[in-house]
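One structure is given here, and the rest of the page talks about it.
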Amino acid sequence: MILLKLTPLWMAARGLLAERGADFFSCWVKVATTFDREDIHDLRVASRRLREALALFAPCYPDGRITRLRKNVAGVTEILGDLRNIDEGIAFFREEAKELDGEQERELAGFIARFEKKREAARSRLTRDLRKISCDTLRKKFVGTVHSPYLLNPPSGKADPFMTIEDFARECIDQRLVPVLLLVPAARQPADAAAQHRMRIAVKKYRYRMEVLSPLTNDGYRELHGHVKEYQEILGRIHDLDVFAGLVANSRLTAPTKEKLTGLIVGEREKSFGLFLEKLDNTPFEQIGERVRSIM
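In the numbering used here, the protein residues as written are 146 to 441.
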């Protein structure tokens, strides 16, 4: 559909949700065939983007139907998680093996081999679990819900279906910005991994909301989206390194190998955290939020 800033909300909600749904179901079909690492990543992103779109336009629909859809889509996201985490771990430790001596590298190879066995088991679970969820059934449920927004006399607390999508977008974009800004002071503290993790999730949700509403934006979207994506990637790297540190600490690797790997992880975390602080100073999120509002 052609989306204009003056398009009524009910019509824009249908169109934008249909776009996100088409992307999600296309990725699902592809993963069910290939189980490729990148395809799995694309499906996870598409599922999260669709969940964000459903959350954004929930005021346009009956609560129960949207809630059930979000749970169904979240179920797909969840079953992809193990395989993604294992893939990331394998890729990371293979790269770190280059920094070890011969004996340590051979020891780490055994550690990685156990991960590869876990990957095969996770892939089998993914195949089984995806088959339990009927893609066609969920698609029909999705289409039926998305094409039935409130039109006349929406209940109290629901959005006016005839307000413009522009007005709705400006009201809603900051709903995902506020949690990010609240977390910045704590996330600046190097040792507060929990705050950094929560900020990563908040930034991700803000990014997905930007992406859902991107057809409404003017020039400047690509640059701003790039900044938000970079924040997410840096914080994601920090979180992954924290997870990898825990895996090493709880492994059966020898003490010297653990010490070497832990030192490498700490060094990479410090470097990533430095990039995070630099990003906060050079492109603060308050500034990003102001500019995003200005291009809608």
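Cβ atoms here follow ideal geometry from the backbone N, Cα and C, with glycine treated the same way.
In this chain, Y295 is not harboured by any alpha helix (DSSP H), its DSSP state being neither H nor E. Judged by DSSP in its simplified three-state form, P330 adopts helix. Rounded to whole angstroms, I346 and I383 show a C-alpha spacing of 12 Å. With fewer than 16 other Cβ atoms inside 10 Å of its own Cβ, L296 counts as exposed.
In this structure, DSSP gives P401 a helical state, which the three-state scheme calls helix. About 6 Å separates the CB atoms of V348 and V325; that is less than 8 Å, so the two are in contact. Secondary structure at T309: strand, using DSSP grouped into helix, strand and coil. Using a C-beta cut-off of 8 Å, the segment 172-185 makes no contact with the segment 289-304, since fewer than three inter-stretch Cβ pairs fall below that distance. L148 sits close to P360, with the two beta carbons spaced by under 7 Å. Under DSSP, P153 shares a beta bridge with T309.
Taking R321 as the centre and dropping the five residues before and after it, the same chain places the C-beta of K350, Y351 and R354 closer than 6 Å to its C-beta, in chain order.
By the C-beta criterion, the segment 212-227 is judged to be in contact with the segment 266-282, since at least 3 inter-stretch pairs fall below 8 Å. Here DSSP, grouped into helix, strand and coil, assigns T290 to helix. Exclusion of the five residues before and after A198 leaves L162, R165 and V357 as the residues of its chain whose Cβ lies within less than 6 Å of its Cβ. In the displayed model, A267 falls within a helix according to three-state DSSP.
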